[in-house]
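Numbering of the sequence shown is given in UniProt numbering, commencing with residue 1 and proceeding in unit increments. Okay, so here's the structure we're looking at.
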Amino acid sequence: MIQREIAGHIALQGLDLTYEVLGHVARSDGEIIGLMTESELAGRPVQYRDRAKVYEALARVERRGLVFCGAQNYSNIHILDSGKVRLTNLASIWCFPNPTTREEQGARHHWDVMESVFVALRARARKGVWHTLPRWSPCGRRICNEGIALLPTCSPMRDLSVGHILQDACVVERIRRRKEALDIVRRLVGSGDRKQQGASTAKVTANKVSLLVI
């Protein structure tokens with residue numbers, strides 16, 4: 001998934017539609033598990049008045065031979081104070097070199113979807129539209145679509161956002177067991193005289209390790 005996110009950023013380079021990538025998030029072994037970007041709190045949710053801007057942004061994406069399949073969840077489309085559009089969840093950027101296929105997919109994922117979105121936004125514009133934005137807040141707080149200004153933090157540091165991909169629960173559990181097994185081996189080898197421990201220690205160690213790593 002993270003490879004698709006990176007590919008999405010690369011595919012949209014030069015269109016001024018993405019949050020700036022500042023670096024990769026990597027494990028100690030060098031494996032890349034996420035991206036660090038400028039803060040997504042810089043943007044706000046889409047409103048009906050943004051209709052022309054969003055359509056123009058999606059048209060630019062389509063002219064490059066791409067389709068933003070994440071448009072169906074319009075919380076993936078942000079508007080900056082400057083009026084510029086920012087797209088998130090770029091793993092949903094797909095390339096369709098065939099013009100006919102691209103037109104069909106664009107109609108499905110861009111124009112049909114956004115038409116429904118803006119019809120709903122227009123109907124509810126007077127009373128505001130509420131969104132739950134888990135990508136913006138770890139507690140999933142609700143932010144009103146109308147008249148809300150997201151203020152910058154007091155920190156002098158530049159706001160950052162970090163996206164990462166969670167591993168499958170089974171993989172995480174396997175890694176935890178292996179780490180615990182290694183800790184047991186280190187404790188047993190480091191405690192007492194090795195000659196006194198002898199074969200009994202080796203047997204206990206083998207039994208505990210085998211139970212943990214399987």
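C-beta: ideal position from N, C-alpha, C; glycine also.
The C-alpha of S116 is placed about 10 Å away from the C-alpha of R122.
Under the DSSP assignment, R63 falls in the alpha helix (DSSP H) whose first and last residues are R51 to R63. With three or more CB-CB distances shorter than 8 Å, the stretch 97-111 counts as touching the stretch 60-75. About 26 Å separates the beta carbon of L35 from that of E56, a gap too long to meet the 8 Å contact definition.
Beta-carbon to beta-carbon, I79 and G30 are separated by about 37 Å, too far to satisfy the 8 Å threshold. Sequence-distant Cβ neighbours of N98 in its own chain, meaning closer than 8 Å and more than five residues away, do not exist here. The beta carbons of T18 and L90 sit closer together than 9 Å.
Every unbroken stretch of the beta strand (DSSP E) spanning 3 or more residues and falling wholly within the stretch 17-103 is given here in chain order: 21-26, 32-38, 43-45, 66-68, 77-80, 85-87 and 93-95.
The straight-line gap separating the alpha-carbon atoms of A52 and D81 is approximately 16 Å. The continuous alpha helix (DSSP H) containing G8 extends over residues I2 to A11.
Non-local beta-carbon contacts of L22 in its own chain, meaning distances under 8 Å to residues more than five positions away in sequence, involve M36, T37, E38 and L160 in chain order.
For L182, the secondary structure class from DSSP, reduced to helix, strand or coil, is helix. R122: member of the alpha helix (DSSP H) spanning D112 to A123, first to last residue.
C95 is positioned such that its CB atom lies no closer than 9 Å to that of A181. Linking G83 to R102 through their CA atoms gives a straight-line distance of about 27 Å. The three-state reading of DSSP puts G106 in helix, counting H, G and I together. L41 and I184 have their C-alpha atoms some 44 Å from each other.
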